[in-house]
């Protein structure tokens with residue numbers, strides 16, 4: 207390259223922005239880089255060559271100069287001027303570079319306006335809302351109406367009510383069995399049963415919607431849509447029975463709205479009957495699950511008038527207020543305006559003061575319940591997505607909900623600001639009332655109050671001393687669990703015939719070698735052959751003595767003694783595996799159990815623990831976001847499953863910083879902790895917290911390895927603090 211060419215070539219008037227956050231990606235090979243724009247909150251990915259190119263841009267260097275440097279640093283890569291120009295344009299459009307010449311601010315302003323104009327469209331596209339209209343169920347509904355239209359006769363309706371009441375009475379008669387079997391519902395959510403469960407729930411939902419459509423058709427209405435509505439990636443079945451609003455009889459409109467509720471209650475009654483008459487098995491558990499889900503769905507969702515589902519429309523028709531949600535919300539808003547801001551409230555079409563207060567109460571309750579339902583759904587989705595490591599997707603729904611709340615708040619503020627601006631005499635009253643309201647809200651949000659975390663636990667030996675079998679052999683227990691021992695007391699004795707034979711043989715070999723070495727030592731002065739053979743004989747004597755010493759020590763290890771004074775705590779029970787478990791494993795149960803006397807045990811088998819009752823620890827398992835709330839010395843209330851009426855007080859003594867890689871089988875059997883199928887590994891990240899027991903407050907202690915739930919008292923936390931913790935653990939700000 208000549209000097210003239212270098213001089214005539216223009217420099218690249220761009221350089222890398224200094225405010226970008228650049229971080230190397232360690233997992234990438236070769237090294238790659240992640241670039242964050244802190245202003246736009248956008249991210250870019252750059253490989254080593256691309257990152258080097260961006261860093262070589264200083265506003266004075268030419269393209270050929272950069273090309274030569276890249277070829278020098280990366281000889282294995284191929285570069286061209288066209289590729290660099292295309293990448294330069296991409297970097298400029300991405301906002302990674304700033305210009306070194308005037309006039310760039312106008313270009314940035316144009317890019318900003320274009321970006322803002324497309325923001326609404328991007329926001330709208332972020333959540334897919336699509337309606338799949340499905341089929342026209344009219345022919346099916348006509349056939350069903352002609353076939354089973356008799357179910358709408360008053361006698362059939364009364365028989366259905368009687369059947370539901372009978373099923374409910376049968377379930378209540380087995381209340382204890384119901385409470386004991388409800389935890390087994392979790393067994394349905396396995397890879398084998400989950401598809402069947404989903405198909406069954408879909409079947410229930412289809413019957414629910416057909417109940418609406420059939421009722422609407424029976425009473426003269428039209429129904430031409432039975433499809434699926436996707437809202438926020440969630441499929442929802444729907445049956446368009448809007449034609450029922452043309453029905454002049456209020457009772458028939460109410461029946462159309464209540465048809466879904468009646469269908470689910472009838473299904474719940476049918477499966478309740480199946481649950482009561484079936485034996486233990488999948489059908490029994492599945493019937494319990496469907497009964498529980500259908501009943502709960504009717505009470506909390508479909509039948510609840512606080513949500514705009516079946517129960518809401520029934521109540522709306524019963525009261526004769528088509529826009530019940532709008533009017534109740536207006537009534538609640540009017541009460542807020544009158545009490546807080548001092549604004550004159552709007553007049554409802556019902557002039558009764560009691561009716562207005564009832565409408566306002568209903569409006570406030572419906573708003574609060576909807577917020578609760580949305581929060582619960584978001585929390586449930588967060589927990590579900592977290593198990594799949596997709597919790598970041600919940601941000602899409604959270605953003606949409608937050609945007610809706612913000613837009614609604616802005617609209618309300620503008621409306622009330624306009625009302626105050628029109629009437630200046632209300633300004634002082636509005637400002638005073640709003641200030642008091644904000645102060646009360648701040649107090650409610652930021653005043654800390656007591657907080658506790660609940661976690662499952664297992665009673666463990668804690669810091670007791672473990673006692674192991676030192677050699678292989680047939681065990682002869684000398685103590686039992688619960689016995690008190692002193693230092694030096696025999697815990698167990700083992701018998702090993704092979705070891706005894708080896709010791710006897712080693713003793714004979716040692717005596718033989720000793721006699722030979724002694725004889726050669728006596729003869730070495732008179733016999734040169736004896737003198738030459740003596741070193742080998744002495745070496746053989748030393749070797750056989752060492753072997754005898756080693757075997758003697760192993761023989762002594764057959765007697766296991768207690769090194770300290772304390773109480774004998776049992777080792778964890780070894781379960782039988784399969785029908786032929788005893789033949790396959792040699793033994794099962796607890797090592798010091800007299801029933802397995804003479805069982806063969808291998809070296810390093812845990813026999814027992816020795817310690818005091820103060821050495822016991824309850825090992826609690828907490829989630830990752832809860833472990834940071836726990837302080838050393840925190841008060842803990844322990845309630846054992848076997849002693850639900852009593853509690854034991856304890857204190858936190860240790861918080862583990864490494865996640866648990868396995869879960870005690872007692873917690874798994876009692877379904878207190880979920881694990882990965884076919885393993886003992888926890889299904890989520892759990893940390894252990896050791897809790898010492900205050901035995902002065904306990905009349906009795908359950909057996910070792912008993913389970914229960916612990917309430918750990920944390921430092922007082924405000925509502926705002928809890929919300930901020932949830933946000934921090936849900937989203938990543940790095």
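Numbering (our numbering), first residue to last: 207 to 940. Glycine is no exception: its CB is placed at the ideal position from the N, C-alpha and C atoms. Since this is a predicted model, take the numbers as computed values, not measurements.
1) Are residue 801 and residue 795 close, meaning C-beta to C-beta below 9 Å?
2) Using the C-alpha atoms, what's the distance from residue 799 back to residue 918?
3) In terms of DSSP beta bridges, what is residue 264 paired with?
4) Report all residues from its chain with a CB closer than 8 Å to the CB of residue 462; omit the five preceding and five following residues, and keep chain order.
5) With DSSP run on the structure shown, which of helix, strand or coil describes residue 258?
6) Helix, strand or coil: which one does DSSP assign to residue 948?
7) Have a look at 486, 880 and 497 and flag the residue whose alpha-carbon is nearest the alpha-carbon of residue 868.
8) Whole alpha helix (DSSP H) runs in the stretch 604-692 with 4 or more residues, listed along the chain?
9) Go through the stretch 338-369 residue by residue and report every complete run of the alpha helix (DSSP H) that reaches 4 residues or more, in order.
10) Can you tell me whether residue 491 is buried or exposed, with buried defined as 16 or more other CB within 10 angstroms of its CB?
11) Could you check whether residue 766 and residue 673 sit closer than 9 Å to each other, using their CB atoms as the reference points?
12) Report buried or exposed for residue 581, applying the criterion of at least 16 other Cβ atoms within 10 angstroms of its Cβ.
13) For a test of the three-state rule: what should DSSP assign to residue 777, helix, strand or coil?
14) Can you find the residues in the same chain that come closer than 7 Å, C-beta to C-beta, to residue 472, ignoring five residues on each side of it along the sequence?
15) Note down the Cα distance separating residue 225 from residue 261, rounded to an integer number of angstroms.
16) According to the neighbour-count rule (16 or more other Cβ atoms, all chains shown, within 10 Å of its Cβ), is residue 701 buried or exposed?
17) Helix, strand or coil for residue 236 per DSSP?
18) For residue 459 and residue 516, which I take to be in contact (beta-carbon distance under 8 Å), what is that distance rounded to the nearest angstrom?
19) According to DSSP, is residue 478 part of a helix, a strand, or is it coil?
20) Can you find the residues in the same chain that come closer than 7 Å, C-beta to C-beta, to residue 887, ignoring five residues on each side of it along the sequence?
21) Can residue 945 and residue 764 be called in contact, C-beta distance under 9 Å?
22) For residue 263 and residue 284, I'd like the C-alpha separation in whole angstroms.
23) Relative to the C-alpha of residue 669, which candidate in 706, 824 and 727 has its C-alpha closest?
24) Closest to residue 826 by C-alpha separation, out of 817, 898 and 772, would be which residue?
25) Here's a check: name, in chain order, each residue in its chain whose Cβ is nearer than 6 Å to the Cβ of residue 780, leaving out the five neighbours to either side.
26) How many Å lie between residue 756 and residue 713 at the Cα?
27) Looking only at its own chain, which residues have a Cβ that is under 7 Å from the Cβ of residue 228, when we skip the five neighbours before and after it?
28) Just the C-alpha distance for residue 575 and residue 513, rounded to the nearest angstrom, thanks.
29) Helix, strand or coil: which one does DSSP assign to residue 331?
30) Does the separation of the CB atoms of residue 915 and residue 665 fall below 9 Å?
31) Locate the alpha helix (DSSP H) running through residue 741, then write down its first and last residues.
32) With distances taken Cα to Cα, identify the nearest neighbour of residue 383 among 273, 484 and 292.
33) Taking DSSP as the reference, what is the three-state secondary structure of residue 893?
34) Below 8 Å on the Cβ atoms is my guess for residue 797 versus residue 681; work out the distance and round it to an integer in Å.
35) Quick check on DSSP: helix, strand or coil for residue 898?
36) Do residue 661 and residue 835 have their CB atoms nearer than 9 Å?
The answer reads as follows:
1) The count along the chain shown starts at 1 and reaches residue 801 at position 595. The count along the chain shown starts at 1 and reaches residue 795 at position 589. Taking 9 Å as the Cβ cut-off, residue 801 and residue 795 qualify as a contacting pair.
2) Residue numbering aside, residue 918 sits at position 712 when the chain shown is read from its first letter. Residue numbering aside, residue 799 sits at position 593 when the chain shown is read from its first letter. One C-alpha to the other measures close to 36 Å.
3) Mapped onto the chain shown, residue 264 falls at position 58. Per DSSP, 221.
4) If you number the chain shown from 1, residue 462 lands on position 256. Contacts found: 418, 421, 422, 425, 427, 447, 450 and 453.
5) Working through the chain shown from its first residue, we reach residue 258 at position 52. Helix, per DSSP.
6) In the structure displayed, the chain extends from 207 to 940; residue 948 sits before or after that span and is not available.
7) Translated into the one-based positions of the chain shown, residue 868 becomes position 662. Of the candidates 486, 880 and 497, the one whose C-alpha sits nearest the C-alpha of residue 868 is 880.
8) 633-652
9) 344-354
10) Taking the chain shown and counting its residues from 1, the one referred to as residue 491 is at position 285. Per the 10 Å Cβ criterion, buried.
11) For the purposes of this step, residue 673 is identified with residue 467 of the chain shown, where counting begins at 1. For the purposes of this step, residue 766 is identified with residue 560 of the chain shown, where counting begins at 1. Against a cut-off of 9 Å, the Cβ pair of residue 766 and residue 673 comes out as a contact.
12) On the chain shown, position 375 is the one that residue 581 refers to. The residue is exposed, with fewer than 16 neighbouring Cβ atoms inside 10 Å.
13) By one-based count along the chain shown, residue 777 stands at place 571. Three-state result, residue 777: coil.
14) Taking the first residue of the chain shown as position 1, residue 472 is located at position 266. So the list reads 366 and 370, once near-sequence residues are dropped.
15) Mapped onto the chain shown, residue 225 falls at position 19. Mapped onto the chain shown, residue 261 falls at position 55. So the alpha carbons of these two residues sit roughly 13 Å apart.
16) The residue labelled residue 701 in the question sits at position 495 within the chain shown. So residue 701 counts as exposed.
17) Working through the chain shown from its first residue, we reach residue 236 at position 30. Here the model assigns residue 236 a pLDDT of 48, short of 50, so the residue's position is not dependable, and the following value carries that caveat. Residue 236: coil per DSSP, three-state reduction.
18) Position 253 of the chain shown, counted from the start, is the residue given in the question as residue 459. Position 310 of the chain shown, counted from the start, is the residue given in the question as residue 516. So it is not a contact: roughly 12 Å between Cβ atoms.
19) Translated into the one-based positions of the chain shown, residue 478 becomes position 272. Helix, per DSSP.
20) Your numbering for residue 887 matches position 681 in the chain shown. 867, 868 and 881, listed in sequence order.
21) Given a span of 207 to 940 for the chain in the structure shown, any question on residue 945 remains unanswerable.
22) As a working note, residue 263 is residue 57 in the chain shown. As a working note, residue 284 is residue 78 in the chain shown. Using only the alpha carbons, I get a separation of about 19 Å.
23) Here residue 669 refers to the residue found at position 463 of the chain shown. For the residues 706, 824 and 727, the minimum Cα distance to residue 669 belongs to 824.
24) Along the chain shown, one-based indexing puts residue 826 at 620. Residue 826 has its Cα closest to that of 898, out of 817, 898 and 772.
25) On the chain shown, residue 780 is found 574 positions in, with the first residue counted as 1. Correct list, in chain order: 794.
26) Along the chain shown, one-based indexing puts residue 756 at 550. Along the chain shown, one-based indexing puts residue 713 at 507. Each residue's Cα considered, the two are about 11 Å apart.
27) Residue mapping note: residue 228 aligns to position 22 of the chain shown, counting from 1. Here the set comprises 239 and 241.
28) Taking the first residue of the chain shown as 1, we reach residue 575 at position 369. Taking the first residue of the chain shown as 1, we reach residue 513 at position 307. Their backbone Cα atoms lie some 8 Å apart in a straight line.
29) Within the chain shown, residue 331 is the residue found at index 125, counting from 1. For residue 331, the pLDDT reaches just 42, beneath the cut-off of 50, and the residue's location in the model is therefore unreliable, although a value from the coordinates is still provided. Here residue 331 sits in helix by DSSP.
30) One-based indexing of the chain shown puts residue 915 at position 709. One-based indexing of the chain shown puts residue 665 at position 459. Going by C-beta atoms, residue 915 is not nearer than 9 Å to residue 665.
31) To locate residue 741, count along the chain shown from 1; it is residue 535. Here the alpha helix (DSSP H) through residue 741 covers 734-762.
32) Locating residue 383 in the chain shown gives position 177, counting from the first residue. Residue 383 has its Cα closest to that of 484, out of 273, 484 and 292.
33) What you label residue 893 is simply residue 687 of the chain shown in a count that begins at 1. Correct three-state label for residue 893: strand.
34) Numbered from 1 along the chain shown, position 591 holds the residue referred to as residue 797. Numbered from 1 along the chain shown, position 475 holds the residue referred to as residue 681. Confirmed, Cβ separation roughly 7 Å.
35) In the chain shown, counting from the first residue as 1, residue 898 sits at position 692. If DSSP states are grouped into helix, strand and coil, residue 898 belongs with the strands.
36) Start at 1 with the first residue of the chain shown, and residue 661 comes out as number 455. Start at 1 with the first residue of the chain shown, and residue 835 comes out as number 629. Against a cut-off of 9 Å, the Cβ pair of residue 835 and residue 661 comes out as no contact.
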